[in-house]
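Numbered per this note's numbering, the sequence shown spans residues 1 to 415. All C-beta atoms in this analysis are idealised placements derived from N, C-alpha and C, irrespective of residue type, glycine included. Predicted model, so just to flag it, every value in this text is computed and none were measured. Worksheet: one structure, shown below.
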Amino acid sequence: MNLGLRKYILKCPRCGFEIEANPYVMRCPKCGELLDTLLITDKVRFNWSNLRGRGVWRYRELLPEVGNVITMGEGATPLIKLRSYSNAYVKFEGANPTGSFKDRGMTVGVSLASSIGVKGIIVASTGNTAASAAAYAAKAGLECVVVLPKGGVARGKLGQAMLHGARIAEVPGTFDDALEYVLETVLGSGRVENVNYYPLNSINPWRLEGQKTTAYEIVEEIGVPDYVFVPVGNGGNIYAIWKGFRELMELDVIDHVPRMVGIQASGAAPMVKYWRGLGEAKIDNPRTIASAIRIGKPVNWFRAYRAVKYSDGTFIEVSDDEILMAQKILGKEGIGTEPASAASLAGYLRALGDGLVDAKDRVVLIATGHALKDPDILLMGNNGNVISISSMDELRALIINGNLKDNANSIINKN
Ligand code: F0G
């Protein structure tokens, strides 16, 4: 079967071992490191002015050629300039079909799974991967198994996985435990062992190929920014975006890459710990309100580390309070993000405050997932917006001067 992976080789970033590209081997057989998919740029005929269509598959020349393209128009997300920080753009990944950046990867991963001819796909997830996998599997007519940390997934995401018909397996513990279940079951040796259910966690490098298109879109729209801020959980996305920029550099489209800044929540910041030389990129009992990035043992830690190190970037941690504040600031600009997404703005504000970044620097903040993913957070502590009125006169009093705030207060006082 021609899977169209011939423009790639699989290469170990640690020991240099190389093998022919195939969808089944994910770890280096020599040293166990996760293998990179290297695009052999001599084998692609990429011409910026020949791009056609919109979204992920606009860049098909730089993606695996799969027999069966399973797509729902993912990618082509808005890049929104902020009012309050004029050199900051938000890349709103919440505009993807299932409301997160995962759809960019899933269109490639599920297309590959469908082309190989498996029965279904399997993922461990903090929620967004599950929602995306479930939807794309449904679109492809494949089964989907999602393994979730019991009680650790935001309600919107759980509802999506249910809606799209995934089989949901809840396990005790955190996401790290859920991922271990999946990896041990289907990828024990680093090679896909059960070809019935193809694993599509970010350990799978082909899924990350889809996610790298975020970088292509940014370059097409505004060129190379000075910094890109990315919330980091498992570390796959920051690596994928960096890889996208790197490839454009190898193709002579751009002459440098932006500095990649990884943001973690302070209760779940193993990469920050490693970056500061405080031991392995692992912590027990990760805690944060941003459940999407509540991860203590990032499986792609070496990938994320390389993205930040080779782009001369950094890792930053932010508190849950800073995350919630950033979510509100974005909300006031009309941009609805879930907490993990807002971490990129929280990180930018921290970096500005610490003088790491100048207000004149052009930055892109990756807003990874939509506000509706986590409705419980939205309804928490926003009661000040809500007043109850019992007559039309009260509503008239509220709007008559066009001064909603004062009128609202007087009504609240009256009640
Ligand atoms: N932001 C959101 C909204 C996420 O859902 C995730 C990851 C990340 C950021 C971090 O991306 O893992 O590539 O560093 N969510 C995964 C999931 C773990 O299962 O949905 P990463």
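Asked, Found
"Reference Gly-347, options Lys-332, Ile-366, Glu-333, closest by Cα", "Ile-366"
"Helix, strand or coil at Glu-61 according to DSSP, with G and I counted as helix", "helix"
"Candidates Gly-4, Trp-275, Ile-316, of which the one nearest Ile-116 by Cα", "Gly-4"
"Straight-line Cα distance separating Ile-283 from Leu-183", "19 Å"
"Cβ contact (3+ pairs, closer than 8 Å) linking the region 99-113 and the region 129-146", "yes"
"Ile-400 Cβ short of 7 Å to ligand 1 heavy atom set", "no"
"Ser-189 - DSSP class collapsed to helix/strand/coil", "coil"
"In DSSP terms, what Thr-41 is bridged to", "The partner list for Thr-41 (beta bridge, DSSP) is empty, contrary to what the question assumes."
"Residue(s) in a DSSP beta bridge with Asp-284", "The partner list for Asp-284 (beta bridge, DSSP) is empty, contrary to what the question assumes."
"Simplified DSSP state of Thr-337, which is helix, strand or coil", "strand"
"Beta strand (DSSP E) segments (min. 3 residues) lying fully within the region 318-395", "363-367"
"Any non-hydrogen atom of ligand 1 within 7 Å of Ser-114 CB", "no"
"Buried versus exposed, by CB contacts within 10 Å (16 or more), Ser-202", "buried"
"Own chain residues within Cβ distance below 8 Å of Ser-189, not counting five before or after", "Arg-27"
"Residue burial classification, Leu-163 (beta-carbon count within 10 angstroms, cutoff 16)", "exposed"
"Beta-bridge pairing of Phe-229 - partner residues as DSSP gives them", "Val-261, Leu-365"
"8 Å Cβ cutoff met for Lys-7 and Val-44", "yes"
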